[in-house]
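Participant: Okay, so the sequence shown: first residue is 1 according to the UniProt record's numbering, each after it adds one. Idealized CB from N, CA, C, for every residue including glycine. Let me begin by handing over the structure; questions about it come next.
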Amino acid sequence: MTTPTQQKALFLQTKHGEFAVGTRPVPRPRAGQLLVRNEATALNPVDWKVQAYGIYIEKYPTVLGYEAAGVVEAVGEGVTAFKRGDRILYEGKSLSDDDDLATFQQYTLVSTDFAAKVSLPDSLTFEQGATIPLALTTGAVGLYHQKEGPVFTPPWVVGGRGKYAGTPIVVIGGASTVGSLAIQLARLSGFSPIITTASLKNTALLKGFGATHVLDRNLSAAALREEVAKIAGGPVLTVFDAIALPETQNAAFELLAPGGKLLLALPPSLDEAKAKDAQGRTAFHVFGPIQYPHNEEFGKRLFAEVTALLAAGDIKPLRVELVPGGLGGIVAGLDKLRNDQALGLLMPVELPILLHICPLNPTRLTTPAHQTALCLQKKRGEFAVKARQVPKPGPGELLVRNEAIGLNPVYWKIQAYGLFIEKYPAVLGMDAAGVVQAVGEGATTFKPGDRIFYQGVPSEDNDRSTFLQYTIVPGDFAAKLVDQSQLSSPPFLVPRRNTAFDLLAPGGKLLTVLPPSVDEKRVKDAQGRAIIDVHGPIQLPQNIEFGKVLFGKLTPLLQAGDLKPLCFELVPGGLDGIVAGLNQLKNGEIGGAKAVVRRQETA
1 MTTPTQQKAL FLQTKHGEFA VGTRPVPRPR AGQLLVRNEA TALNPVDWKV
51 QAYGIYIEKY PTVLGYEAAG VVEAVGEGVT AFKRGDRILY EGKSLSDDDD
101 LATFQQYTLV STDFAAKVSL PDSLTFEQGA TIPLALTTGA VGLYHQKEGP
151 VFTPPWVVGG RGKYAGTPIV VIGGASTVGS LAIQLARLSG FSPIITTASL
201 KNTALLKGFG ATHVLDRNLS AAALREEVAK IAGGPVLTVF DAIALPETQN
251 AAFELLAPGG KLLLALPPSL DEAKAKDAQG RTAFHVFGPI QYPHNEEFGK
301 RLFAEVTALL AAGDIKPLRV ELVPGGLGGI VAGLDKLRND QALGLLMPVE
351 LPILLHICPL NPTRLTTPAH QTALCLQKKR GEFAVKARQV PKPGPGELLV
401 RNEAIGLNPV YWKIQAYGLF IEKYPAVLGM DAAGVVQAVG EGATTFKPGD
451 RIFYQGVPSE DNDRSTFLQY TIVPGDFAAK LVDQSQLSSP PFLVPRRNTA
501 FDLLAPGGKL LTVLPPSVDE KRVKDAQGRA IIDVHGPIQL PQNIEFGKVL
551 FGKLTPLLQA GDLKPLCFEL VPGGLDGIVA GLNQLKNGEI GGAKAVVRRQ
601 ETA
């Protein structure tokens, strides 16, 4: 069987752009390289972050993908350790601009230094093999090669196996891919106890990897500190945070004894006081790709040991969730990762692939009977995309096909704290822009095809919220957009307190967009100053008549330039991307801009 000259690959077409399957040449291996026919490639969170945030890559179109398993198709000059037909796992591209090294394609060039021969698919499936490289290298770099970190002796070095018996270590997020491999490496190094946090349903799995104690990931920071102190029996000098969100980083830092080191799978985002810690505690970002210059020599030594570690059962593969559809299924898989729907699972995609692709966004000539909506399933529960009927507009109402939906901090607070909503499942969302699809009796101001923006309102029937494809909108609370371009930057016009209060003169008024939370002495102010909670939804009974007048004036105000649209940050993924967008709002990652979701990624 001869190697083809052309192959299928999944291209990210532009920065922040869309993925599309195309054709590119099959490269030829150079000296020290293998040409590998990929049988399974793993998906990682970095893949969707490159698309969403435009990071790392400068040259487009580009092919992503950083770890895979497959069969050696050809070898380059000077290669003696591998031969055609060998089954291997390997680490690929590592964020370079060389698409020949990426794994989201049928054939990849692989350096022999970063490949390991394994009896695939006999002892491991190709899918299991694809779960190992990047999580293993990240865990290993953090524990054994992070220059500013603890730099423990690796277990494959003479004297390293079991060297740290009696030394406690904590792994935050043990059920994550990096956390699972960090636990296994800690076991080989002899650390004890090995304490990890996770959902308790993963207790048996993580103890099988080597954890001695599994603590509920939902413990408060104070409760976690208390439990770790009981178990550790001494100072904790090393914590590996495989989740590395701001809240986990700060909780993990508090577990450290003076002089301790916190290893982070993402860049530090600690409170300022912790960043300048008086006890000598420090935090470091573990950047795991083994082909970066500062990791390269360590990576060669690590991959030289991988085959033996797997054969001995010292390193076990991670759980997998198979993504159907080959290259064409990768986009759906990345959406699941973005929405945390595959926590603790590495998601391999079977190759070879792609016999047929369906259009992503077929043109709608008529209103469908059903639509998709993002539902909050229960109080303090999870979001999930569900199907529901498209409603019909009543008298004075419009049916609007949403083109762009605004995200507000109140939505993640409703989810986190169980506020406002009593009936579940519920659809949230209060401001959007779109195209009128149909009009109800008596709605004479608008016609189908008009481009509008409006304020929705969460209601018990969920038809008037915006986290869905079609929304019922009262004509009184909609306004025509001035031009087509405003659909992609819609003019959302929805509506240090002690300091602000102190600026007031006697008799002055402080307007706040959240309930008052100033000092008690200011609440009972002797100078007659007052605090007023502004609750902006225009469809509240006390606001309705004013709202009608306001929305009647918005179109001319926009035409005259008296009102200008806000800056916005586009959240990719349509309805599926809303959860990630709310998490960004929650973590303060979107500032000074309105987070917006667009329809073409929703449909």
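Taking the straight line between their C-alpha atoms, what separation do you get for Phe420 and Met430?
Facilitator: Stepping through the sequence shown from its first residue, residue 420 is reached at position 420. Stepping through the sequence shown from its first residue, residue 430 is reached at position 430. Whole-angstrom Cα-Cα distance: 13 Å.
Participant: With DSSP run on the structure shown, which of helix, strand or coil describes Ile472?
Facilitator: Position 472 of the sequence shown, counted from the first residue, corresponds to residue 472. If DSSP states are grouped into helix, strand and coil, Ile472 belongs with the strands.
Participant: Using only the alpha-carbon positions, how far apart do Gly449 and Ala432 sit?
Facilitator: If you number the sequence shown from 1, residue 449 lands on position 449. If you number the sequence shown from 1, residue 432 lands on position 432. About 16 Å.
Participant: Taking Cβ to Cβ, would you say His245 is nearer than 8 Å to Ala252?
Facilitator: Here residue 245 refers to the residue found at position 245 of the sequence shown. Here residue 252 refers to the residue found at position 252 of the sequence shown. Correcting the residue identity first, residue 245 is Leu in this sequence and not His. No, Cβ-Cβ distance for Leu245 and Ala252 is not below 8 Å.
Participant: Just checking my contact of Ser269 with Gln249 at CB under 8 Å: how many whole Å lie between their CB atoms?
Facilitator: Here residue 269 refers to the residue found at position 269 of the sequence shown. Here residue 249 refers to the residue found at position 249 of the sequence shown. About 6 Å; that satisfies the 8 Å criterion.
Participant: Taking Tyr60 and Lys15 to be in contact with their CB atoms under 8 Å, please state how far apart those CB atoms are, rounded to whole angstroms.
Facilitator: Counting from one through the sequence shown, the residue named residue 60 turns up at place 60. Counting from one through the sequence shown, the residue named residue 15 turns up at place 15. Yes, Tyr60 and Lys15 are in contact; Cβ-Cβ is about 6 Å, under 8 Å.
Participant: Would the region 202-214 and the region 271-279 be scored as touching if the rule is three or more Cβ pairs under 8 Å?
Facilitator: no
Participant: Using C-beta distances below 7 Å, list every residue in its chain close to Pro4, excluding the 5 sequence neighbours before and after it, in chain order.
Facilitator: To locate residue 4, count along the sequence shown from 1; it is residue 4. Scanning its chain for C-beta atoms nearer than 7 Å, with the 5 sequence neighbours on each side dropped, one finds around Pro4 the residues Val26, in chain order.
Participant: Rounded to whole angstroms, what is the Cα-Cα separation between Leu224 and Arg217?
Facilitator: Numbered from its first residue, the sequence shown carries residue 224 at position 224. Numbered from its first residue, the sequence shown carries residue 217 at position 217. Those two C-alpha atoms are separated by around 9 Å.
Participant: Beta carbon of Phe446, beta carbon of Gly475: below 8 Å?
Facilitator: Within the sequence shown, residue 446 is the residue found at index 446, counting from 1. Within the sequence shown, residue 475 is the residue found at index 475, counting from 1. Their beta carbons are under 8 Å apart, which means Phe446 touches Gly475 by this criterion.
Participant: Taking the alpha-carbon positions, what's the Thr167 to Gly190 distance?
Facilitator: Residue numbering aside, residue 167 sits at position 167 when the sequence shown is read from its first letter. Residue numbering aside, residue 190 sits at position 190 when the sequence shown is read from its first letter. Whole-angstrom Cα-Cα distance: 8 Å.
Participant: In the DSSP assignment, what are the bridge partners of Ala432?
Facilitator: For the purposes of this step, residue 432 is taken as residue 432 along the sequence shown, with counting starting at 1. Partner(s): Ile405 and Tyr454.
Participant: Given a cut-off of 8 Å, decide if Ser459 and Leu428 are closer than it, judged by their beta-carbon atoms.
Facilitator: Residue numbering aside, residue 428 sits at position 428 when the sequence shown is read from its first letter. Residue numbering aside, residue 459 sits at position 459 when the sequence shown is read from its first letter. No, Cβ-Cβ distance for Leu428 and Ser459 is not below 8 Å.
Participant: Is Thr444 helix, strand or coil by DSSP?
Facilitator: Against the sequence shown, residue 444 aligns to sequence position 444. Three-state result, Thr444: coil.
Participant: The beta strand (DSSP E) that contains Lys117, what's its start and end?
Facilitator: Here residue 117 refers to the residue found at position 117 when the sequence shown is read from its first residue. Taken as a continuous stretch (DSSP letters only), the beta strand (DSSP E) holding Lys117 covers Ala115 to Lys117.
Participant: Just to confirm before moving on: does the CB-CB distance between Glu73 and Phe126 stay below 8 Å?
Facilitator: Counting from 1 along the sequence shown, the entry for residue 73 is found at position 73. Counting from 1 along the sequence shown, the entry for residue 126 is found at position 126. Against a cut-off of 8 Å, the Cβ pair of Phe126 and Glu73 comes out as no contact.
Participant: Assign Asn583 to one of three DSSP states: helix, strand, or coil.
Facilitator: Locating residue 583 in the sequence shown gives position 583, counting from the first residue. Asn583: helix per DSSP, three-state reduction.
Participant: Please classify Pro235 as buried or exposed, where buried requires at least 16 neighbouring CB atoms within 10 angstroms.
Facilitator: Taking the first residue of the sequence shown as 1, we reach residue 235 at position 235. Its Cβ having fewer than 16 others within 10 Å, Pro235 is exposed.
Participant: For the ligand MG, I want to know if Gln584 counts as a neighbour, meaning its beta carbon is within less than 7 Å of at least one of the ligand's heavy atoms.
Facilitator: The ligand MG is absent from the structure shown, which contains no ligand whatsoever.
Participant: Name, in chain order, the residues that DSSP records as bridge partners for Glu67.
Facilitator: Stepping through the sequence shown from its first residue, residue 67 is reached at position 67. Glu67 pairs with Glu91.
Participant: So what does Tyr107 bridge to, in DSSP terms?
Facilitator: Position 107 of the sequence shown, counted from the first residue, corresponds to residue 107. Looking at the DSSP assignment, Tyr107 forms a beta bridge with Arg37.
Participant: Would you call the region 149-157 and the region 86-106 touching, i.e. three or more CB-CB distances under 8 Å?
Facilitator: no
Participant: Quick check on Gln469: buried or exposed, where buried means 16 or more other Cβ atoms within 10 Å of its Cβ?
Facilitator: What you label residue 469 is simply residue 469 of the sequence shown in a count that begins at 1. Gln469 comes out buried.
Participant: Tell me the rounded alpha-carbon separation between Tyr144 and Pro150.
Facilitator: For the purposes of this step, residue 144 is identified with residue 144 of the sequence shown, where counting begins at 1. For the purposes of this step, residue 150 is identified with residue 150 of the sequence shown, where counting begins at 1. Approximately 7 Å between the Cα atoms of the pair.
Participant: What three-state label does DSSP hand Val157 in the structure shown?
Facilitator: Residue 157 sits at position 157 when you count from the first residue of the sequence shown. Reduced to three states, the DSSP call for Val157 is coil.
Participant: Compare the Cα-Cα distances from Gly581 to each of Leu43, Asp86, Tyr411 and Ala68 and report the closest residue.
Facilitator: Position 581 of the sequence shown, counted from the start, is the residue given in the question as residue 581. Ranking Leu43, Asp86, Tyr411 and Ala68 by Cα distance to Gly581 puts Tyr411 first.
Participant: Please report how far the alpha carbon of Thr2 lies from the alpha carbon of Ala20, in whole angstroms.
Facilitator: Numbered from 1 along the sequence shown, position 2 holds the residue referred to as residue 2. Numbered from 1 along the sequence shown, position 20 holds the residue referred to as residue 20. Those two C-alpha atoms are separated by around 27 Å.
Participant: Should Ser220 be labelled buried (16 or more other beta-carbon atoms within 10 Å of its own) or exposed?
Facilitator: For the purposes of this step, residue 220 is taken as residue 220 along the sequence shown, with counting starting at 1. Looking at its Cβ environment, which holds fewer than 16 other Cβ atoms inside 10 Å, Ser220 is exposed.
Participant: Could you say which of Glu91, Arg37 and Ala384 lies nearest to Ser111 if we only look at CA atoms?
Facilitator: Stepping through the sequence shown from its first residue, residue 111 is reached at position 111. Nearest of Glu91, Arg37 and Ala384 to Ser111, Cα basis: Glu91.
Participant: For Phe546, does the count of other Cβ atoms within 10 angstroms reach 16, so buried, or fall short, so exposed?
Facilitator: Within the sequence shown, numbered from 1, the residue matching residue 546 stands at position 546. Burial call: exposed.
Participant: Using three-state DSSP, classify Leu245 as helix, strand or coil.
Facilitator: By one-based count along the sequence shown, residue 245 stands at place 245. Looking at Leu245 - three-state DSSP - the assignment turns out to be coil, as it is neither helix nor strand.
Participant: Between the C-alpha atoms of Ile55 and Arg161, what's the straight-line distance to the nearest angstrom?
Facilitator: As a first step, residue 55 must be located in the sequence shown, where it is residue number 55. As a first step, residue 161 must be located in the sequence shown, where it is residue number 161. Straight-line Cα distance between these residues: approximately 38 Å.
Participant: How many angstroms separate the CA atom of Lys93 from the CA atom of Lys548?
Facilitator: Translated into positions along the sequence shown, residue 93 becomes position 93. Translated into positions along the sequence shown, residue 548 becomes position 548. Going by the C-alpha atoms only, they are around 56 Å apart.
Participant: Let me know if Ile544 comes out buried or exposed under the rule of 16 or more other beta-carbons within 10 Å of its beta-carbon.
Facilitator: Within the sequence shown, numbered from 1, the residue matching residue 544 stands at position 544. So Ile544 counts as exposed.
Participant: From the DSSP secondary-structure annotation, give me the bridge partner or partners of Thr282.
Facilitator: Within the sequence shown, the letter at position 282 stands for residue 282. The partner list for Thr282 (beta bridge, DSSP) reads Lys261.
Participant: According to DSSP, simplified to helix, strand and coil, what is residue 631?
Facilitator: Any question about residue 631 goes unanswered here, given that the chain covers just 1 to 603.
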